[in-house]
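Visitor: Each protein sequence line maps, in turn, to chains A and B. Count along the first sequence from 1, then add 207; that gives the number in the working numbering. Count along the second sequence from 1, then add 623; that gives the number in the working numbering. Even glycine gets a Cβ: it sits at the ideal position worked out from N, Cα and C. What you are looking at is a predicted structure, and each value in this text was computed from that prediction instead of being measured. Please find one structure pasted underneath; my questions will follow.
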Amino acid sequence: MNFLKILLLNLLFISFSIASNFQIDSSALSTKSFKEKEQVLENLLENYKEDEKLDVLLQNMLAGDLYFIKATNELVILETKEDNNYFVKNLITDESLSAMDKNELSKVKINNKLRGVIKSGLAKINLFSKKTDKRLKAAKNILANLELEDKELLAQALQSEKNSSVRDILLESDANLKAKFSAGTEQLEAVKLLGGFLSSKSLETLNYVVSNSESEELKEVANESLKEIENSKWFYSLIETAFFGLSQGSVLLLAAIGLAITFGVMKVINMAHGELIMIGAYTTYTIQQLMPNLIEYSIIIAIPAAFIVSGIVGILIERLVIRHLYGRPLETLLATFGVSLILQQLVRSIYSPLNQEVKTPSWMSGALEVNSSLFLTYNRLYIIIFGIVVFLSVLYVMKKTSLGLKVRAVSQNRPIARAMGIKSSYIDAATFGIGSGIAGVAGVALSQLTNVGPNLGQAYIVDSFMVVVFGGVGNLWGTLIAAFSLGEINKFIEPLAGAVLAKVIILVFIILFIQKKPRGLFPQKGRDAED
Amino acid sequence: MNKESVIFKILKNDKGGKIVLSILAVVVFVVSVCNLFVPSDSAFYISTFTVTILGKYLAFALLALALDLVWGYLGVLSLGHGAFFALGGYAWAMYLMRQIGDRGVYGNPDLPDFMVFMNLKELPWFWYGFDNPLFAFIMVMAVPAILAFVFGWFAFKSRVTGVYLSIITQALTYALMLAFFRNDMGFGGNNGLTDFKDILGFDLSSDSTRVGLLIITFLCLSAGYLLCRFIINSRLGRVVISIRDAESRVRFLGYKVAHYKVFIFVVSAILAAIAGALYVPQVGIINPGVFSPLFSIELVIWVAIGGRGTLYGAIIGAMVVSFASTYFTSALPEVWLYALGGLFVVVTLYLPKGIVGLISQLTSRKAA
């Protein structure tokens, strides 16, 4: 125990002494002589490369916000000033100090030479940092504020850089510089090279070359490069649209897959399907409210919870209402519609008629940056994966388990299935429960994309039916293909026609399609295909 | 043969129809008289608001009648009849909009307010002709009739039946709703068409116009009822009922099932559209909400509660549910959706023949 204590104390002392060394060394900047300041800076750059505070110090010094308190030589950073009152914070501790009079402080002044030293120093500590993300940020920063002086620095950095994404940005910066300021073949090569990059800086440089250059040959090359950039931008926007289509498709898939079981397999028209989705979304909300400290995991917990809650509601609907209406599809439709109204109002009474906010865990926010013109947001990415996982598990349950076998047996020929000893009423309830539970799981996913309100389900009910009917009733693969193709079609029409009109066009398309092929894309074949 | 005897002939074996129409006639007469000729401080005075509400219910009753014709007798459950109702309403509302002239907020004699607001310079082509009431009235019937014909022709030719048909009719009205919600469709977007001033030269805000509209609505409802009853009693009606009960058998006997279906569907759409045109001047507004699938499915429940396949049951159902809706949404708004949802469940589970079936069950039990 004692040994540990001593160790800890030592550690504390060491870290304290390092911090104070930086403090002592940096406070030497309060000197008036620019030459001395330069020496101090070189010393700092040499010994405190990885210190975060050095970065802050240099940046503020460059911006003219670095001051020292005359009495103590303590370095401070200016936050705001009102007349003669300066509000500053300590550089080392980040503590905001009480307002000070102008005369108590003195600015750490810099001249042009020092400015150069600071700039290259800043670039060095970041560009040659051991951390990749720091280097990436520094490289991006250089590209955004490109200046001729950066040329040597870039060459140096390029020699040592191993990481390909940082290297790409450095190369792009280099090519930009050469295209703008070099001459002859070097410029020509650089202009050619720029066609392979996508950032707005490259576009800007190329446009600059086109409008300012006198050489016809150079202009031609620049125009070709511009075209190349345009083409790859178009290509990436196509990929982006396809990605949106996929995510839209997986939303449709999630919403429709429960329906593919209740409607496709059991032939039950469940108009309350959308409300079962809504219940799933509200389950997610409730779990987040119950465990405010576990937002990161709440989605994971919500998946089984929503399956159970929606599944139980589904079984109740089946036992209380639908059971009495088998073989009367139109009546089932009306009765379940009534159930959907009751469920909506129930949610309004328990929660509120207003939309509730479901938080997104941090691992689901942000985007995967493929390159500077293609971002794939994580929440959509996860939903695509999730949709496919749910689909595959449903497929597995239906095709490979004994429960799935019984479900299919009952739906194909109820009397024979019963003669084989299958409890058909038990299977009906179980099947409906699974279909409803999956609707609830879809609700968990949807809570990350749209507003969670009492009308959430209504927005999806027509779409879900369209997907199931379009794909062919009773065919799970058909549902998958229908969902993704409708999602893609929707997203590709959207830029041409606008979101609402795209939806209208798709509905009209499906209405016409069903009239031509009433049994969908992949109709069931065989003896049990006829009603 | 004079007119009365034709009516008498149609209603010969229709006790329920006679009773319902007579009661409505009496109610409409009493309400009209009590509104116009009784001083407003008297206990017997009936407010203009009540007149308007009753007129709205009667328009709904005509709509329910139209739905009962296709659902009750043809066996086709349309979840998109609200679309025909709304289209008829919009066509007539366009005429009413043109009648406003330069009395709008912006005082533009050529363009309705919402177009001025949207910076339109001239009238869109599909608004031409709507200042003529005759043209507008023809469009009230023609637009929904053409839609119903095209839709029905494709659907019934390719033998889309049952639930599939219901779902695509729902998709139809849903698509129209989304389209009409768009501002650049030229139909006023989500605000719809409103601020009507007068109709055929009569001031819409005066009591006598209101009563006149109520009486016209009642006459249209009665005429619609007689038309439906006439169709059902005819030889064609017998084929239609057989299609409902055994479609393939009728087809095997050599009847062209699709033609009968399309005919009935179009007639029903026209009736729904006229109901919409009667609804608009009385309520004073039409917006895309009428296209919503919820409204269309609600009117199915009117018919189901009244008793499908009886025609007069549809009238009863529409009146009763609309009255309950008006009452509950003002008195107990929380309860109304529970009640409506519960009605759906209870009626389908326990009252497959609706109120009419319940009454005849009770009376026959008494007789026995």
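Nearest-angstrom Cα distance between B/Met741 and A/Leu343?
Guide: 48 Å
Visitor: Could one say the Cβ of B/Gln905 lies closer than 8 Å to chain A's Cβ atoms, at least one of them?
Guide: no
Visitor: Against chain A, with Cβ distances strictly below 8 Å, would B/Ser953 count as a contact?
Guide: no
Visitor: For the region 536-584 of chain A, list the beta strand (DSSP E) runs that are entirely contained and at least 3 residues long, ordered along the chain.
Guide: 574-578 and 581-584
Visitor: Report the rounded CA-to-CA distance for A/Glu737 versus A/Val680, giving the unit in angstroms.
Guide: For A/Glu737, the pLDDT reaches just 48, beneath the cut-off of 50, and the residue's location in the model is therefore unreliable, although a value from the coordinates is still provided. Rounded to the nearest angstrom, the two C-alpha atoms are 12 Å apart.
Visitor: If you reduce the DSSP assignment to three classes, tell me which class B/Leu816 lands in.
Guide: strand
Visitor: Provide the residue(s) that pair with A/Met307 in DSSP beta bridges, ordered along the chain.
Guide: A/Tyr293
Visitor: Taking the alpha-carbon positions, what's the B/Ser670 to B/Arg833 distance?
Guide: 11 Å
Visitor: Are the region 935-942 of chain B and the region 705-715 of chain B touching by the rule of at least three beta carbon pairs closer than 8 Å?
Guide: no
Visitor: Terminal residues of the continuous alpha helix (DSSP H) containing A/Lys358?
Guide: Per DSSP, A/Lys358 belongs to the alpha helix (DSSP H) from Asp357 to Ser367.
Visitor: Please state the DSSP three-state secondary structure of B/Ile669.
Guide: coil
Visitor: Excluding the 5 residues preceding and the 5 following A/Gly642 in the sequence, name in chain order all residues of the same chain whose CB lies nearer than 6 Å to its CB.
Guide: Gly465, Ile468 and Thr469
Visitor: From the DSSP output, in three-state form, read off A/Ser313 for me.
Guide: strand
Visitor: Going by the beta-carbon positions, is the gap between A/Lys385 and A/Glu379 smaller than 8 Å?
Guide: no
Visitor: Whose C-beta lies closer than 7 Å to the C-beta of B/Gly811 among residues of the same chain, with five residues either side of it excluded?
Guide: Phe737
Visitor: If you compare alpha carbons, which of A/Lys239, A/Val601, A/Tyr255 and A/Lys387 is closest to A/Phe229?
Guide: For A/Phe229, the nearest C-alpha among the options comes from A/Tyr255.
Visitor: Under 7 Å between beta-carbons, which chain A residues line up against B/Val766? List them in chain order, please.
Guide: Residues of chain A passing the Cβ test: none, with the nearest at roughly 17 Å.
Visitor: Put A/Val715 into one of helix, strand or coil per three-state DSSP.
Guide: A/Val715: helix per DSSP, three-state reduction.
Visitor: Taking its Cβ as the centre, do 16 or more other Cβ atoms sit within 10 Å of A/Lys723, making it buried, or is it exposed?
Guide: exposed
Visitor: So is B/Ile642 buried or exposed if we call it buried at 16+ other beta carbons inside 10 Å?
Guide: exposed
Visitor: How far does the alpha helix (DSSP H) with B/Phe779 in it extend, from its first residue to its last?
Guide: Pro756 to Lys780
Visitor: Hey, does A/Lys698 have any beta-carbon neighbour from chain B nearer than 8 Å?
Guide: No, A/Lys698 does not count as interfacial toward chain B.
Visitor: Could you check what DSSP says for B/Val890 in three-state terms: helix, strand or coil?
Guide: helix
Visitor: Report the neighbours of B/Tyr696 on chain A: residues whose CB is nearer than 7 Å to its CB, in chain order.
Guide: Under the 7 Å cutoff, chain A gives no residues; its nearest Cβ is about 14 Å from B/Tyr696.
Visitor: CA-CA distance, A/Gln577 and A/Leu588?
Guide: The displayed chain sequence assigns Val, not Gln, to residue 577 of chain A. Approximately 13 Å, taken between the alpha carbons.
Visitor: What residues from chain A crowd round B/Ala794, counting only those whose CB sits closer than 7 Å?
Guide: Val669, Met673, Leu714, Ile717 and Ile718
Visitor: Name the chain B residues that come within less than 7 Å of A/Phe677, Cβ to Cβ?
Guide: By Cβ distance, chain B contributes nothing, its closest Cβ being about 11 Å from A/Phe677, past 7 Å.
Visitor: Straight-line CA distance for B/Gly932 to B/Gly639?
Guide: 12 Å
Visitor: If contacts are defined as beta-carbon pairs under 8 Å, then A/Val597 and A/Ile645 qualify, I think. What distance do you get, rounded to the angstrom?
Guide: Between A/Ile645 and A/Val597 the Cβ distance is about 7 Å, and since that is below 8 Å, they are a contact.
Visitor: Closest to B/Ser915 by C-alpha separation, out of B/Leu795, B/Leu700, B/Gln722 and B/Asn636, would be which residue?
Guide: B/Leu795
Visitor: Looking only at C-alpha atoms, which of A/Leu483, A/Asp670, A/Leu236 and A/Trp570 sits nearest to A/Ile519?
Guide: A/Leu483
Visitor: Pull the bridge partners of B/Phe825 from the DSSP assignment, please.
Guide: B/Ile822
Visitor: Counting only beta-carbon atoms, is A/Met605 nearer than 8 Å to chain B?
Guide: no
Visitor: Report the residues of the region 528-558 of chain A with a CB closer than 9 Å to any CB of chain B, ordered along the chain.
Guide: Val528, His531, Leu532, Arg535, Pro536, Leu537, Glu538, Thr539, Leu540, Leu541, Ala542, Thr543, Phe544, Gly545, Val546, Ser547, Leu548, Ile549, Leu550, Gln551, Gln552, Leu553, Arg555 and Ser556
Visitor: Tell me which residue opens and which closes the alpha helix (DSSP H) that A/Gln248 is part of.
Guide: The amino acid at residue 248 of chain A is misidentified as Gln; the sequence shows Leu. Element bounds for A/Leu248: Phe241 to Asn254.
Visitor: Give me the Cβ distance between A/Thr539 and A/Leu550, rounded to the nearest whole Å; I'm assuming they're in contact under 8 Å.
Guide: Between A/Leu550 and A/Thr539 the Cβ distance is about 16 Å, and since that is not below 8 Å, they are no contact.
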